[in-house]
Amino acid sequence: MNTSIAALKRSKSNLDTLIGELSKVAEPQKQKNSYADDRFWKPELDKTGNGYAVLRFLPAVKDEDLPWARLWSHAFQGPGGWFIENSLTTLNKKDPVSESNSLLWNSGVEADKDIARKRKRKLSYIANVLIVSDSKHPENEGQIKLFKFGKKIFDKITEAMKPEFEDENPINPFDFWEGANFKLKIRKVDGFWNYDKSEFDSSSAIADNDESIEEIWNKQFPLKPFLAPENFKSYDELKAKLDKVLTGSGNSGTAEDVAIPPVTEAVAPVVQETVDTSSPVDDDSDETLDYFSKLAEEDA
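Residue numbers (the working numbering): 1389 to 1688.
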């Protein structure tokens, strides 16, 4: 057996390691945005407003520790236009929007809290997936893609790894041999995509032999590049843009007019926004793009 796939097979019982990482995910953390990138797969709804696909989450690529990247960004409109940027909190650095939100939230003025809510961070994750079934686009089936998703889907992953009840066996959804297909089920609820009915299937190997598994592994995309410094503006650049957006000196437009910056990743707890724990200054929404669309519709 090839040494690299043999090493991967020996390490397939790393569920405890991933569970350890879940404690970090439970804390306020990170996000991203993306250009049109054909490496990414996106689900689509049918005419009834429902969506269905079957995915298989894949393990970490060679020389990387985690099978996901965790990311933060901000997206809101002010008098001077749109602010759609990766957040430096992703990199454990101070971010001018987060600092502004903290001041607003702690001012004691309810109107300030409303502003902070509108400017809250957007959380998302990126992982490699095998497209098992995609009835809207069957040409995607069998392909390795990047999949961007939010906390609701990540909660499904967490529940699979750390089940609540004694009769449920924990699984590592990212494991080639003992993982499970993910049945992505989407409904429209109050105008937003809802994933509550999504679920993991029973455990099964992703392929019949190790040669096929290694072929899948070799086609995966690295996630660490999403943390590259060039995907982030500096603090001063973000502060200048924030001031421009908030003072009205910029050019207003729609969300579609704004170039969404590349994706990035996050790891450990960031410099905290010093707010009350009940402060909704972080957004767990799975559909950041849906959020952008709704804002743009309000401009129409």
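C-beta atoms are modelled at their ideal positions from N, C-alpha and C, and glycine is treated no differently. This structure is a prediction, so every number in the text was calculated from the model and none was measured.
Please classify residue i: does DSSP put it in a helix, a strand, or coil?
{"i": "Lys1430", "result": "coil"}
{"i": "Val1578", "result": "Reading off the sequence shown, one finds Asp at residue 1578, where the question assumed Val. Asp1578: coil per DSSP, three-state reduction."}
{"i": "Asp1584", "result": "coil"}
{"i": "Ala1643", "result": "The pLDDT assigned to Ala1643 is 48, lower than 50, so where the model puts this residue is not dependable; a value taken from the coordinates is nonetheless given after this. Looking at Ala1643 - three-state DSSP - the assignment turns out to be helix."}
{"i": "Ala1568", "result": "strand"}
{"i": "Gly1408", "result": "helix"}
{"i": "Ile1559", "result": "coil"}
Among residues of its own chain, excluding the 5 on either side of residue i, which ones have a beta-carbon nearer than 6 Å to its beta-carbon?
{"i": "Asp1500", "result": "Leu1492"}
{"i": "Phe1564", "result": "Ile1594 and Ile1601"}
{"i": "Ile1545", "result": "Pro1561"}
{"i": "Phe1542", "result": "Tyr1513"}
Cα separation between residue i and residue j?
{"i": "Ile1604", "j": "Lys1621", "result": "34 Å"}
{"i": "Glu1625", "j": "Leu1459", "result": "19 Å"}
{"i": "Glu1599", "j": "Ile1393", "result": "8 Å"}
{"i": "Asn1582", "j": "Glu1556", "result": "24 Å"}
{"i": "Ile1407", "j": "Ala1457", "result": "15 Å"}
{"i": "Leu1403", "j": "Lys1632", "result": "46 Å"}
{"i": "Tyr1513", "j": "Lys1573", "result": "18 Å"}
{"i": "Glu1618", "j": "Leu1634", "result": "25 Å"}
{"i": "Lys1397", "j": "Asn1597", "result": "12 Å"}
{"i": "Gly1439", "j": "Leu1446", "result": "22 Å"}
Check the DSSP bridge columns for residue i and list the partner residues they point to.
{"i": "Ser1461", "result": "Asn1474 and Lys1510"}
{"i": "Lys1481", "result": "Answer is none; Lys1481 lacks a bridge partner."}
{"i": "Ser1591", "result": "Ala1568"}
How far does the alpha helix (DSSP H) with residue i in it extend, from its first residue to its last?
{"i": "Ile1601", "result": "Asp1598 to Asn1606"}
{"i": "Lys1533", "result": "Per DSSP, Lys1533 belongs to no alpha helix (DSSP H); it is in the beta strand (DSSP E), Ile1532 to Phe1537."}
{"i": "Ala1628", "result": "Tyr1623 to Thr1635"}
Within a Cβ cutoff of 7 Å, which residues of the same chain sit near residue i, ignoring the five residues on either side of it in sequence?
{"i": "Glu1409", "result": "Leu1454"}
{"i": "Lys1627", "result": "Pro1484"}
{"i": "Gly1579", "result": "none"}
So the beta strand (DSSP E) residue i belongs to, where does it begin and stop?
{"i": "Tyr1440", "result": "Gly1439 to Phe1445"}
Going by beta carbon distance, what residues of the same chain come within less than 8 Å of residue i, once the five residues before and after it are set aside?
{"i": "Leu1630", "result": "Phe1471, Pro1484, Val1485 and Ser1488"}
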